[in-house]
Amino acid sequence: MTVCVFQVDITRDGCGTTKLCLEEPAGCDPTTDDSCLFVSLVATPGPTKGVDLAVELRGKIDQPVGFVGVSLTFKDGSTSLFPCIRNGSDDAPFFRTFWRKNACSGFFLVQNRATGIRIVPKGHVIRCGFDIREVNASVIRDRLPIADTTFIISAATGTASTDGIPGAFIPTLEKHVNVADPTGGNVFDVIGTPAVVGSNAAATGSNAAATGSNAAALGSNAAATGSNAAAPGSNAAAPDSNAVAPGNTAAAAPGNTAAASNGAHAVPILLSVLALFIMLGA
Numbered sequence: 134m135t136v137c138v139f140q141v142d143i144t145r146d147g148c149g150t151t152k153l154c155l156e157e158p159a160g161c162d163p164t165t166d167d168s169c170l171f172v173s174l175v176a177t178p179g180p181t182k183g184v185d186l187a188v189e190l191r192g193k194i195d196q197p198v199g200f201v202g203v204s205l206t207f208k209d210g211s212t213s214l215f216p217c218i219r220n221g222s223d224d225a226p227f228f229r230t231f232w233r234k235n236a237c238s239g240f241f242l243v244q245n246r247a248t249g250i251r252i253v254p255k256g257h258v259i260r261c262g263f264d265i266r267e268v269n270a271s272v273i274r275d276r277l278p279i280a281d282t283t284f285i286i287s288a289a290t291g292t293a294s295t296d297g298i299p300g301a302f303i304p305t306l307e308k309h310v311n312v313a314d315p316t317g318g319n320v321f322d323v324i325g326t327p328a329v330v331g332s333n334a335a336a337t338g339s340n341a342a343a344t345g346s347n348a349a350a351l352g353s354n355a356a357a358t359g360s361n362a363a364a365p366g367s368n369a370a371a372p373d374s375n376a377v378a379p380g381n382t383a384a385a386a387p388g389n390t391a392a393a394s395n396g397a398h399a400v401p402i403l404l405s406v407l408a409l410f411i412m413l414g415a
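Positions 134 to 415 (my numbering) are the ones given, in order, by the sequence shown.
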């Protein structure tokens, strides 16, 4: 949806007392630090269930067309994403609401659930504010009346199309928070790296994949390509080489010197030497 431009003053006033503030880099001031990515949240009890969230968001984009966005990840793994988008000018910015089922799925454009939307794009800086009604971290489709206020909050800036569709959402700010605690006493770093949406790379939990190289590490199993060595007694395999170690069994590599074969030839050699010694003695 296209949004009229309103005045939005985003400051650190009230951080730690009336609103929860998250920023990258740590401690940056959104009024003076040009590179500051800043999110503030004020939670109030919803009229019937959950909590109402007042969100302020500020970030710098590198291109004339881009977005600054914040997402809420719920305990069922689903995520709601709210990007404020500059469409190439400081007039008529866009606001969208996206949703995904889990970290392995893509974001889908859904019906907007935010109200009070106000966006001020000025050059490469976007400031915006909006309200989200009756959110609950444990709820699926808002069915439970009990307010669970612990979410993963992520924020990022990125590119967008001129018709208001954001590009990859790659968080540079991500925290596990209790939005009802403005003191920040319940703010923790998220363990692991989230899936990257809208790109060709993903790193989840402790599993990492290195594309464009000859090495990959998945969990505790390692694969090393382009080598001729295998580590016996481990779960490592060396593809494109002449050595394989399936399970805990080591196999000798054809064409390489294999220490495992020496034991097999030791007995015949010893018998030949003994026979030669007997003949010479005779």
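From the three backbone atoms N, C-alpha and C, an ideal C-beta is built for every residue, glycine too.
Please read all numbers here as calculations on a predicted model, not as lab measurements.
(message) Assuming Arg-233 is part of the beta strand (DSSP E), what are its boundary residues?
(response) Translated into positions along the sequence shown, residue 233 becomes position 100. Start and end: 231–233.
(message) Mapping the DSSP letters down to three states, classify Ile-259 as helix, strand or coil.
(response) Position 126 of the sequence shown holds residue 259. DSSP places Ile-259 in strand when its eight states are reduced to three.
(request) Determine, using beta carbons only, whether Phe-284 and Thr-206 come nearer to each other than 9 Å. (result) For the purposes of this step, residue 284 is taken as residue 151 along the sequence shown, with counting starting at 1. For the purposes of this step, residue 206 is taken as residue 73 along the sequence shown, with counting starting at 1. It is a contact, given that the beta carbons lie within the stated cut-off.
(request) Could you check the C-alpha separation between Glu-307 and Val-172 for me, to the nearest Å? (result) If you number the sequence shown from 1, residue 307 lands on position 174. If you number the sequence shown from 1, residue 172 lands on position 39. Looking at the backbone, the Cα of Glu-307 and that of Val-172 are separated by about 11 Å.
(request) Reducing DSSP to helix, strand and coil, say where Ala-313 ends up. (result) Your numbering for residue 313 matches position 180 in the sequence shown. In the structure shown, Ala-313 sits in coil (DSSP, three-state: anything other than H, G, I, E or B).
(request) State yes or no: is the C-beta of Ser-204 within less than 9 Å of the C-beta of Ile-286? (result) Walking along the sequence shown from the start, residue 204 turns up at place 71. Walking along the sequence shown from the start, residue 286 turns up at place 153. Yes, the pair counts as a contact, with Cβ atoms nearer than the cut-off.
(request) Out of Ile-298, Phe-200, Lys-152 and Leu-242, state which residue places its alpha-carbon closest to the alpha-carbon of Glu-189. (result) Along the sequence shown, one-based indexing puts residue 189 at 56. Ranking the options by Cα distance to Glu-189, first place goes to Lys-152.
(request) Leaving aside the five residues before and after Leu-242 along the sequence, list all residues of the same chain whose C-beta is less than 7 Å from its C-beta, in chain order. (result) By one-based count along the sequence shown, residue 242 stands at place 109. Correct list, in chain order: Arg-229 and Phe-231.
(message) By alpha-carbon positions, which one of Asn-269, Ala-289 and Pro-299 ends up nearest to Ala-176?
(response) As a position in the sequence shown, residue 176 is number 43, starting the count at 1. Ala-176 has its Cα closest to that of Asn-269, out of Asn-269, Ala-289 and Pro-299.
(request) Look at the alpha carbon of Val-320 and the alpha carbon of His-309, and state the distance between them as a whole number of angstroms. (result) For this step, residue 320 is matched to residue 187 along the sequence shown. For this step, residue 309 is matched to residue 176 along the sequence shown. Approximately 6 Å between the Cα atoms of the pair.
(message) Can you tell me whether Ala-289 is buried or exposed? The criterion is at least 16 other CB atoms within 10 Å of its CB, across all chains shown.
(response) Here residue 289 refers to the residue found at position 156 when the sequence shown is read from its first residue. Answer is buried; the Cβ neighbour count reaches 16.
(message) As a quick exercise: from Glu-267, Asp-195 and Lys-182, pick the residue whose alpha carbon is nearest that of Ile-259.
(response) Stepping through the sequence shown from its first residue, residue 259 is reached at position 126. Of the candidates Glu-267, Asp-195 and Lys-182, Asp-195 places its Cα closest to the Cα of Ile-259.
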